[in-house]
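Structure first, commentary second.
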Amino acid sequence: MRLELRETELSTFSQEISHKERFWRCLAMNQKNNLIIGLIIAGVVVMSANVDADPRDFVEGLPNIGIMLQDITEVDSSLFVTAFWSMLETIEMAFIGTVVGVAIALPLSLLAARNLNHKFVYVPVRALLAAIRTFPSILWAILFVIIVGLGPFAGVLAITMYTVGFIAKLQYEAIEAIDADPMDAVGAIGVSKLQLIRFVVLPESASHLLSQILYIFDYNIRQTSILGLVGAGGIGFYIINYIKFFEYGKAAVFMLVVLATVLIIEWVSVRVRDKYIVKSQRGMQVKS
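Just so you know, full-length UniProt numbering puts the end of the sequence shown at 288, numbered straight through with nothing missing.
Structure representation (structure tokens):
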């Protein structure tokens, strides 16, 4: 009887120690988290001062929003035809840039994957892709305007370069996330690397690639809309120029067309994801 009481006391004592340890660990963790949050807030305050981010300027500028909204409501309907054709040009630029960019990015992603290549192959390829991603599409557009001149071709090249850097990175990460078991099983029967890529890598990463393409095409539509700022064609050329001369009613026509286009593309993307990507993932779950 005394032995049982002794064991109960020891169990209660160990539980008390465990609770105390958890308490001090949580307290230390909370102190650490509070320190990190405090440093982040201090960093935001200091950096805001460096970039002249004064909330008072925003408050003082609020009345200008009402003036702009009043001008925007005065939509010039005669520009809808021009807006439609310029939006069509924008879609064409984004489509060509996306297709060509994906075509270039796919082989580069295969070369950049660590589970497919030696480090002497994937390291320089990753360095190249990192260099491409360094510049946003607007800077690529400036560069290509200098090279090929003003017009939509410079915009297509800019979108292509951005797509290459973006898709290649996401795709080689998807390839590296492939389960090693099917790759080892296929490799054990002595197939070539090309056969391994064809029968394992591409099918396993196909759903990820489709999702990435849908996202980057939607993104490229919006990016192409602002490349007109540097003379790289697209509907952004009209938007920037009308805003520059404070003709918000005319700019609103083109912005409405952009909004409608983005919503339509989003609707189509959701349908495609539901039909192909979600079904593919469910099928993989059933198999597993």
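C-beta: ideal position from N, C-alpha, C; glycine also.
- When Asn-117, Tyr-162, Asn-115 are compared against Ala-130, the one with the closest alpha-carbon: Taking the first residue of the sequence shown as 1, we reach residue 130 at position 130. Residue Tyr-162 is the option with its Cα nearest to Ala-130.
- Answer with buried or exposed for Leu-214, where buried requires no fewer than 16 other C-beta atoms within 10 angstroms of its C-beta. Position 214 of the sequence shown, counted from the first residue, corresponds to residue 214. Leu-214 should be labelled buried.
- Look up Val-272 in the DSSP assignment and say whether it is helix, strand or coil. As a working note, residue 272 is residue 272 in the sequence shown. In this structure, Val-272 counts as helix in the three-state DSSP scheme.
- Message: Between the alpha carbons of Arg-2 and Ile-37, how many angstroms are there, rounded?
- Response: Here residue 2 refers to the residue found at position 2 when the sequence shown is read from its first residue. Here residue 37 refers to the residue found at position 37 when the sequence shown is read from its first residue. Residue placement at Arg-2 cannot be trusted, given a pLDDT of 48 that sits under 50; the coordinates are not used to answer.
- Task: Less than 8 Å between the CB atoms is what I'm expecting for Ser-109 and Ile-175, so what's the real figure, rounded?
- Result: Locating residue 109 in the sequence shown gives position 109, where the first residue counts as 1. Locating residue 175 in the sequence shown gives position 175, where the first residue counts as 1. Confirmed, about 6 Å.
- Item | Alpha-carbon to alpha-carbon, Ile-40 and Phe-13 | For the purposes of this step, residue 13 is taken as residue 13 along the sequence shown, with counting starting at 1. For the purposes of this step, residue 40 is taken as residue 40 along the sequence shown, with counting starting at 1. Note that Phe-13 scores 47 on pLDDT, short of 50, meaning its location in the model is unreliable; the coordinates nonetheless yield the value given after this. Using only the alpha carbons, I get a separation of about 41 Å.
- Query: How many Å lie between Val-230 and Thr-98 at the Cα?
  - Reply: In the sequence shown, the residue the question calls residue 230 occupies position 230. In the sequence shown, the residue the question calls residue 98 occupies position 98. Going by the C-alpha atoms only, they are around 20 Å apart.
- Mind checking Ser-86: buried by the 16 CB within 10 Å criterion, or exposed? Numbered from its first residue, the sequence shown carries residue 86 at position 86. Around the CB of Ser-86, 16 or more other CB atoms lie within 10 Å, so the residue is classed as buried.
- Query: Does the Cβ of Asn-220 have 16 or more other Cβ atoms within 10 Å, making it buried, or fewer, making it exposed?
  - Reply: In the sequence shown, counting from the first residue as 1, residue 220 sits at position 220. Buried: at least 16 other Cβ atoms inside 10 Å.
- Buried/exposed call for Gly-236, threshold 16 Cβ in 10 Å: Numbered from 1 along the sequence shown, position 236 holds the residue referred to as residue 236. Burial call: buried.
- Compare the C-alpha of Leu-157 against each of Tyr-276, Gln-212, Pro-182, Phe-95 and name the closest. Taking the sequence shown and counting its residues from 1, one reaches residue 157 at position 157. Between Leu-157 and the set Tyr-276, Gln-212, Pro-182, Phe-95, the nearest pair of CA atoms involves Phe-95.
- Message: Considering only the alpha carbon of each residue, which of Val-44, Ile-138, Ala-112 lies closest to Pro-152?
- Response: Counting from 1 along the sequence shown, the entry for residue 152 is found at position 152. The shortest C-alpha separation from Pro-152 is found at Ile-138.
- Item | Where the alpha helix (DSSP H) containing Phe-199 begins and where it ends | Position 199 of the sequence shown, counted from the start, is the residue given in the question as residue 199. Premise fails: Phe-199 is in no alpha helix (DSSP H) and is neither H nor E.
- Message: What does the alpha-carbon distance come out to for the pair Gln-212 and Arg-222?
- Response: Walking along the sequence shown from the start, residue 212 turns up at place 212. Walking along the sequence shown from the start, residue 222 turns up at place 222. Their backbone Cα atoms lie some 16 Å apart in a straight line.
- Query: Between the Cα of Val-123 and the Cα atoms of Glu-92, Lys-169, Val-145, Glu-247, which residue gives the shortest distance?
  - Reply: In the sequence shown, residue 123 corresponds to position 123, counting from 1. When each option's Cα is compared against that of Val-123, the closest is Lys-169.
- Kindly indicate the opening and closing residues of the alpha helix (DSSP H) around Gly-231. Sequence index remark: in the sequence shown, residue 231 carries index 231 (1-based). Taken as a continuous stretch (DSSP letters only), Gly-231 belongs to no alpha helix (DSSP H), as it is neither H nor E.
- Message: At the level of alpha carbons, what is the spacing between Tyr-242 and Leu-116?
- Response: Mapped onto the sequence shown, residue 242 falls at position 242. Mapped onto the sequence shown, residue 116 falls at position 116. In a straight line, the C-alpha of Tyr-242 is about 51 Å away from that of Leu-116.
- For Gly-165, is the classification buried or exposed, using 16 other Cβ atoms within 10 angstroms of its Cβ as the cut-off for buried? Mapped onto the sequence shown, residue 165 falls at position 165. Classification of Gly-165: buried, given that the 10 Å Cβ count is 16 or more.
- Backbone CA spacing between Ala-206 and Arg-126 [nearest angstrom]: What you label residue 206 is simply residue 206 of the sequence shown in a count that begins at 1. What you label residue 126 is simply residue 126 of the sequence shown in a count that begins at 1. Cα to Cα, the separation comes out at about 21 Å.
- Message: Here's a check: name, in chain order, each residue in its chain whose Cβ is nearer than 7 Å to the Cβ of Val-253, leaving out the five neighbours to either side.
- Response: Locating residue 253 in the sequence shown gives position 253, counting from the first residue. Same-chain partners within the cutoff: Val-75, Asp-76, Leu-79, Phe-80, Ala-83.
- Assigned secondary structure, Leu-10 (DSSP; H/G/I helix, E/B strand, else coil): To locate residue 10, count along the sequence shown from 1; it is residue 10. Low per-residue confidence applies at Leu-10: pLDDT is 45, beneath 50, and the placement is therefore not dependable enough to give any value.
- Item | Residue environment, Tyr-238, which counts as buried when at least 16 other CB atoms sit within 10 Å | On the sequence shown, residue 238 is found 238 positions in, with the first residue counted as 1. Tyr-238 comes out buried.
- Check whether the Cβ atoms of Gly-233 and Glu-89 sit closer than 8 Å, and answer yes or no. Here residue 233 corresponds to residue number 233 of the sequence shown, with the count starting at 1. Here residue 89 corresponds to residue number 89 of the sequence shown, with the count starting at 1. Against a cut-off of 8 Å, the Cβ pair of Glu-89 and Gly-233 comes out as a contact.
- Per DSSP, what kind of secondary structure is residue 289 in: helix, strand or coil? The first residue shown for the chain is 1 and the last is 288, placing residue 289 beyond what the model contains.
- CB-CB under 7 Å to Gln-70, same chain, minus the five flanking residues each way: which ones, in chain order? Locating residue 70 in the sequence shown gives position 70, where the first residue counts as 1. So the list is empty, once near-sequence residues are dropped.
- Per-residue DSSP class, three states only, for Ser-86: As a working note, residue 86 is residue 86 in the sequence shown. It is helical.
- Query: What separation, rounded to the nearest whole angstrom, lies between the Cα atoms of Ser-269 and Lys-250?
  - Reply: Counted from its first residue, the sequence shown places residue 269 at position 269. Counted from its first residue, the sequence shown places residue 250 at position 250. Cα-Cα distance, rounded: 29 Å.
- Item | Start and end residues, alpha helix (DSSP H) containing Ile-178 | Residue numbering aside, residue 178 sits at position 178 when the sequence shown is read from its first letter. Premise fails: Ile-178 is in no alpha helix (DSSP H) and is neither H nor E.
- Query: Does the distance from the CB of Asp-218 to the CB of Glu-266 come in under 8 Å?
  - Reply: As a working mapping, residue 218 is identified with position 218 in the sequence shown. As a working mapping, residue 266 is identified with position 266 in the sequence shown. Yes. Within cutoff.
- Task: Determine the direct distance from the alpha carbon of Leu-259 to that of Asp-274, and round the result to whole angstroms.
- Result: As a position in the sequence shown, residue 274 is number 274, starting the count at 1. As a position in the sequence shown, residue 259 is number 259, starting the count at 1. Roughly 23 Å between the two C-alpha positions.
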